[in-house]
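Scroll down for the structure; my scribbles are underneath it.
Residue numbers (my numbering): 140 to 415.
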């Protein structure tokens, strides 16, 4: 599993409407989803809950690989006029996530990295605050009025594991509003089964209404456990076999995004899998 440690403590963006009176940072009809190049198996809360003006929202960490406990990692805190959002971890200074009041002369630190505002522009009647840095999609880091920020925030290391969210996509009433503009982005519409990316990989999957057919994933012929987990770590189906080719009954599993965890002899691999 490829681990990518980016630069901040949180997967979260914030919203602000284009008007003098900003909408709530996270409104009733908004939700943020994380699109993974490969679902890593560690997951931070998808935000469905509105953050009230001047209120707090608790963020939980869901460990899948090394322990399956849910841990509180901190809180979101919004300003009274909803134009600023912070991440607050107990015992540490608050970290700015979103601030529409930044000007070109401003600079600030995100953990150990210092950033400054390169420019402030208006594009299609929205305020864009560009920072002097890029995300790993080679996009300029920016704070966008009515949209959020153009980069992912990554929570700190928990139990010595690292997370690899790729980007955060915003949806309103189930319609995609914003995602990264990078041409290499895999899209927020997770509508196909992802195959392993290792060179010369032979492991493959096919999905039917009744079964998940797994071919060539056990090349050691040792007893291997196959587990189908939700993105919050709940095991919804499991199977053990020494065979290279198996089928897992999925008739009682709802459609959606899952992780297929294959474990044998202390070796674990995980693959994103979408069940139609």
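We treat Cβ as the ideally placed atom computed from N, Cα and C, and that holds for glycine.
Worksheet item: In the DSSP assignment, what are the bridge partners of residue 376?
Response: DSSP, once it has assigned bridges, lists 367 as partnering residue 376.
Worksheet item: How would you write the range of the beta strand (DSSP E) that residue 384 sits in, first residue to last?
Response: Start and end: 384-388.
Item to complete: Determine, using beta carbons only, whether residue 238 and residue 223 come nearer to each other than 7 Å.
Response: Cβ distance < 7 Å, so residue 238 and residue 223 count as in contact.
Worksheet item: What's the call for residue 282, buried or exposed, on a 16-neighbour Cβ count within 10 Å?
Response: Around the Cβ of residue 282, a 10 Å sphere holds 16 or more other Cβ atoms; the residue is buried.
Practice prompt. Give a yes or no on whether the C-beta atoms belonging to residue 241 and residue 262 are separated by under 7 Å.
Written response: No. Outside cutoff.
Practice prompt. Taking residue 230 as the reference, give the member of 415, 373 and 212 with the closest Cα.
Written response: Check the Cα spacing between residue 230 and each of 415, 373 and 212: the tightest is with 212.
Discussion item. If the criterion is Cβ atoms closer than 7 Å, does the pair residue 353 and residue 385 meet it?
Written reply: Between residue 353 and residue 385, the gap from beta carbon to beta carbon is short of 7 Å.
Discussion item. The beta strand (DSSP E) that contains residue 227, what's its start and end?
Written reply: From DSSP, the beta strand (DSSP E) with residue 227 extends over 223-227.
Discussion item. In the DSSP output, which residue or residues are listed as bridge partners for residue 260?
Written reply: Bridge partners of residue 260 according to DSSP: 267.
Worksheet item: With DSSP run on the structure shown, which of helix, strand or coil describes residue 238?
Response: Looking at residue 238 - three-state DSSP - the assignment turns out to be strand.
Worksheet entry | Assigned secondary structure, residue 352 (DSSP; H/G/I helix, E/B strand, else coil) | Residue 352: strand per DSSP, three-state reduction.
Worksheet entry | Assigned secondary structure, residue 403 (DSSP; H/G/I helix, E/B strand, else coil) | Of the three classes helix, strand and coil, the one that applies to residue 403 here is strand, per DSSP.
Worksheet entry | Own chain residues within Cβ distance below 6 Å of residue 364, not counting five before or after | Taken in chain order, the residues that qualify are 379 and 402.
Discussion item. Can you find the residues in the same chain that come closer than 7 Å, C-beta to C-beta, to residue 243, ignoring five residues on each side of it along the sequence?
Written reply: Cβ within range, chain order: 256, 258 and 259.
Worksheet entry | DSSP three-state assignment for residue 230, whether helix, strand or coil | Residue 230 sits in coil when the DSSP states are folded into three classes, being neither helix nor strand.
Item to complete: Using only alpha-carbon positions, find the residue among 415, 361 and 268 that is nearest to residue 391.
Response: When C-alpha distances from residue 391 are compared across 415, 361 and 268, the shortest belongs to 415.
Discussion item. Helix, strand or coil for residue 408? Go by DSSP, reduced to three states.
Written reply: DSSP, reduced to helix, strand and coil, places residue 408 within a strand of the structure shown.
Fill in: Segment limits, beta strand (DSSP E) that includes residue 345
Segment 343-346, the beta strand (DSSP E) holding residue 345.
Worksheet item: In this structure, does DSSP put residue 391 in helix, strand or coil?
Response: It is coil, neither helix nor strand.
Item to complete: Sort 367, 356, 387 and 214 by Cα distance to residue 349 and report the nearest one.
Response: Of the candidates 367, 356, 387 and 214, the one whose C-alpha sits nearest the C-alpha of residue 349 is 387.
Discussion item. Excluding the 5 residues flanking residue 369 on each side, which residues of the same chain have their C-beta closer than 7 Å to its C-beta?
Written reply: The residues are 375 and 397.
Discussion item. Measuring straight from C-alpha to C-alpha, what distance separates residue 373 and residue 216?
Written reply: The alpha-carbon of residue 373 is positioned some 29 Å away from that of residue 216.
Worksheet item: Mind checking residue 393: buried by the 16 CB within 10 Å criterion, or exposed?
Response: A residue is called buried once 16 or more other Cβ atoms fall within 10 Å of its Cβ, and residue 393, having fewer, is exposed.
Worksheet item: Taking DSSP as the reference, what is the three-state secondary structure of residue 244?
Response: Shown here, residue 244 sits in coil according to DSSP, grouped into three states, outside any helix or strand.
Practice prompt. Tell whether a beta-carbon distance below 7 Å holds between residue 408 and residue 381.
Written response: With a cutoff of 7 Å on beta-carbon distance, residue 408 and residue 381 are scored as not near each other.
Worksheet entry | As assigned by DSSP and simplified to three states, the class of residue 273 | It is a strand residue.
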